[in-house]
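Asks: Structure in structure tokens, see below.
Protein chains: 2
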Amino acid sequence: MKMASCRLCGGQAAYSIEHAKMMLCQDCFIKYYEKKIYNTIMKHGMLRGARNVAVAVSGGKDSMALLTAMSKLVPEKFPNIKLVAIHINLGIEGYSEKCQEIVKRVCEGLGVEYVIHDLLSREGYRILDLKSTPLGRRICGACGTVKRYLMNRLAYEIGADRLATGHNLDDIVELLFEFYLKGSVEDLVRVRPVSWSDNPKLVTKIKPLIELTERENTYYAMAQGIPLLDAACPLAEGSRMLRRKKLIGLIEREIPGFKHMFYKSHVKRILPRLEKTVPEPSIMECEKCGMPSLSNTCSYCKLVSRLAAQSAENST
Amino acid sequence: MKMASCRLCGGQAAYSIEHAKMMLCQDCFIKYYEKKIYNTIMKHGMLRGARNVAVAVSGGKDSMALLTAMSKLVPEKFPNIKLVAIHINLGIEGYSEKCQEIVKRVCEGLGVEYVIHDLLSREGYRILDLKSTPLGRRICGACGTVKRYLMNRLAYEIGADRLATGHNLDDIVELLFEFYLKGSVEDLVRVRPVSWSDNPKLVTKIKPLIELTERENTYYAMAQGIPLLDAACPLAEGSRMLRRKKLIGLIEREIPGFKHMFYKSHVKRILPRLEKTVPEPSIMECEKCGMPSLSNTCSYCKLVSRLAAQSAENST
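Sequences listed follow chains A and B, in order.
Heads up: the first sequence begins at 1 in the numbering used here, then just goes up one per residue.
Heads up: the second sequence begins at 1001 in the numbering used here, then just goes up one per residue.
Right, dumping it as structure tokens:
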């Protein structure tokens, strides 16, 4: 049997980029992946004027791959930018310890400064505590609120002017699929590679992996020897999000290139139209925490107050 | 084994309406189906002010079900409206004869006036003749252009103020899927239950079956004893349209209600936004045929001129 050869150098291929019908060897794959991130950053001006970039890392393959690539890219291409990794220990038993361990190991290996925010010791609760509140049935949603809020606050507190997240193409397509299906235009207009903000308390968010698939991130993590988590979040098991991703994998098999096409059509063609019809939301300060909010109380403070109400009820 | 019973009358169920998780007996299904068409017509004001409704019939289950239901509904609910069926014999061997035969039998059975337009004798070609032109590789697309143009012209010639077509929910969702994937906003804004026109040569199009699935139409055709075509169009075999429909069936199995949800989100939420961003196309008269056109020559005349060019080439 003839071995497949690398499209770029002719060496022995190790990775198959299916949507591009391209086989690459390990070295060429690494170059391809890092070039793709660089191109995404440049195309959307993600780092234009940036000085301090916080990278939100969970310990999973996507964010660790992002951090690794950024730690190579930034000194070379953007020497004036400082990189800091930020991690939240969510207190999920049998899972969060492993995540934190990987974050520490990778950051130390790369020589990247990192901040770990421990949910239990700093905020007084763990994600599982949300399970007993009315939010518990949609625990992934509640966890998302916690992470979005705290990641932004942490980035703001360390003076970051960008917050980079590891959202990949599969994540984004899963969201788009959900929002187009529900017709939630207000959510659709927020699915974008960069969410610019001129409010200092709301850090501009960038998604450098938005055009890379889950599989490409796994390849890169493997090629770079990034330790892979040997556990999935036990709370997300069987979640709608995971079922949707499986379905999207199925569609991709029927329509090769589906994910790339759908994402590009959204960003290039439909998003610019929808944007024109949705008024810029007016952002106020949360009366509890002072952070940016769309209503008097921000969704994080609402969530935490439900948690407090629940524990008061339990202790009586 | 206990027989399932009809949700409405408790009798023996014969049909399962899956997206509504409802079993119905034959009589109740017929009432449900006709009520649904009536509701769709009323919701969108499809017959407001109408006097002459042309129903485009192909001989397939959808359009024959539409004609049958309309021939019951119209005299009862809209007694001032006259109904005429219009049919194009496309000249597809082993298929078009069967289609025409069903149209004749059903129209005569219902006592509905009908017009048959024979492509070969009236226009001088058959659909298969398009196969040898550059359009031949996308023959279903070319056939669509022919049908859209001729159906409108026939409806106009007989003085119809509405042209009803048998497009069902599956057809529409397949189109939406395609257009959202490609991001073709100009096409998306034309996917709607009614295409109003105040140009007398462009007859207002209505889709009374737009909220009924292919399966519901098959049930109705069976329940009404409408003869079912025992052949599919041989030219459409393996077409992308059919593969997409299969894929959508697969998605529906994973997300029950997918088709209804996707359609409703489009019509209620996304379409009204997109419309605002797309200027009303300016319609001119085709310099060849005088019918409405978006450019100097309409797409039908362009297609026919390619056909003429091809046969001139062949005869030299």
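C-beta: ideal position from N, C-alpha, C; glycine also.
Please read these numbers as outputs of a predicted model, since none were measured by experiment.
In chain B, which residues lie with their C-beta within 9 Å of the C-beta of G277(A)?
Replies: The residue you asked about is not Gly; residue 277(A) is Thr in the sequence shown. Those are P1272, R1273, L1274, K1276, T1277, listed as they occur along chain B.
Asks: How do the segment 1221-1233 of chain B and the segment 1093-1102 of chain B stand: do at least 3 beta-carbon pairs fall below 8 Å, yes or no?
Replies: With a cut-off of 8 Å, the segment 1093-1102 of chain B and the segment 1221-1233 of chain B count as touching, because enough Cβ pairs lie within range.
Asks: Under 9 Å between beta-carbons, which chain B residues line up against E254(A)? List them in chain order, please.
Replies: Correct list: R1243, R1244, K1246, L1247, L1250.
Asks: Per the contact definition of three or more C-beta pairs closer than 8 Å, is the segment 1083-1090 of chain B in contact with the segment 1026-1040 of chain B?
Replies: With a cut-off of 8 Å, the segment 1083-1090 of chain B and the segment 1026-1040 of chain B do not count as touching, because too few Cβ pairs lie within range.
Asks: With distances taken Cα to Cα, identify the nearest neighbour of A20(A) among L175(A), A231(A), R215(A).
Replies: A20(A) has its Cα closest to that of R215(A), out of L175(A), A231(A), R215(A).
Asks: Using only the alpha-carbon positions, how far apart do V1304(B) and S265(A) sit?
Replies: Cα to Cα, V1304(B) sits roughly 33 Å from S265(A).
Asks: Per DSSP, what are the beta-bridge partners of V194(A) in this structure?
Replies: For V194(A), which the question treats as bridged, DSSP gives the partners I206(A).
Asks: Along the chain, where does the alpha helix (DSSP H) that runs through D187(A) open and close?
Replies: Where D187(A) is concerned, the enclosing alpha helix (DSSP H) stretches over 185-188.
Asks: Could you have a look at Q1100(B) and say whether DSSP puts it in helix, strand or coil?
Replies: Q1100(B) falls in the helix class under three-state DSSP.
Asks: Pick helix, strand or coil for H44(A), following the three-state DSSP scheme.
Replies: Note: H44(A) maps to coil in three-state DSSP.
Asks: Using the three-state DSSP reduction, which class does I1172(B) fall into: helix, strand or coil?
Replies: Helix, per DSSP.
Asks: Given K31(A), which residues of its chain have a CB within under 7 Å of its CB, disregarding the five upstream and five downstream residues?
Replies: Excluding positions up to five away in sequence, the list is empty.
Asks: Rounded to whole angstroms, what's the CA-CA distance from A1308(B) to E178(A)? Just pull it up for me.
Replies: If you take the alpha carbons of A1308(B) and E178(A), they lie about 48 Å apart.
Asks: I need the straight-line Cα distance from V1055(B) to D1118(B), nearest angstrom please.
Replies: Looking at the two C-alpha atoms, the distance is approximately 17 Å.
Asks: Can you round the beta-carbon distance between M151(A) and L135(A) to whole angstroms, since I take them to be within the 8 Å contact cut?
Replies: With 8 Å as the limit, M151(A) and L135(A) do not qualify as a contact, their Cβ atoms being about 19 Å apart.
Asks: So for Y33(A), helix, strand or coil by DSSP?
Replies: Note: Y33(A) maps to helix in three-state DSSP.
Asks: May I ask you to list, following chain order, the residues of the segment 1061-1085 of chain B that have a beta carbon less than 9 Å from some beta carbon of chain A?
Replies: Listed in sequence order: no entries.
Asks: May I ask you to list, following chain order, the residues of the segment 172-189 of chain A that have a beta carbon less than 7 Å from some beta carbon of chain B?
Replies: For the segment 172-189 of chain A, which is checked against every Cβ of chain B, the residues closer than 7 Å are Y180, L181, K182, G183, V185.
Asks: Whole alpha helix (DSSP H) runs in the segment 40-94 of chain A with 4 or more residues, listed along the chain?
Replies: As far as the segment 40-94 of chain A is concerned, its whole alpha helix (DSSP H) runs of at least 4 residues are 61-77.
Asks: Nearest to D198(A) by CA position, among S132(A), D161(A), E285(A), is which residue?
Replies: Nearest C-alpha to D198(A): D161(A).
Asks: Assuming the contact rule is C-beta atoms closer than 8 Å, L1128(B) and I1081(B) should be a hit. Round their C-beta distance to whole Å, please.
Replies: L1128(B) to I1081(B), Cβ: 37 Å. No contact.
Asks: Using DSSP bridges, identify the partner residues of I116(A).
Replies: In the DSSP output, where bridge partners are listed per residue, I116(A) has H87(A).
Asks: Check whether chain A comes within 9 Å of K1302(B), counting only Cβ atoms and requiring the distance to be less than that.
Replies: Not an interface residue.
Asks: Compare the C-beta of S1239(B) against all C-beta atoms of chain A and say whether one is closer than 9 Å.
Replies: S1239(B) does not count as touching chain A.
Asks: Looking at V106(A) and V57(A), is the spacing between their C-beta atoms short of 9 Å?
Replies: Yes, these two residues count as a Cβ contact at 9 Å.
Asks: Is there a Cβ of chain A sitting closer than 9 Å to that of S1265(B), yes or no?
Replies: So, interface residue.
Asks: Rounded to the nearest angstrom, what separates K290(A) and A155(A) at their Cα positions?
Replies: The question names Lys, yet the displayed sequence has Gly at residue 290(A). Distance between the alpha carbons of G290(A) and A155(A): 15 Å.
Asks: List, in order along the chain, the chain A residues whose C-beta lies closer than 7 Å to that of F944(B)?
Replies: One cannot answer for residue 944(B) here, as it falls past the ends of chain B, which runs 1001 to 1316.
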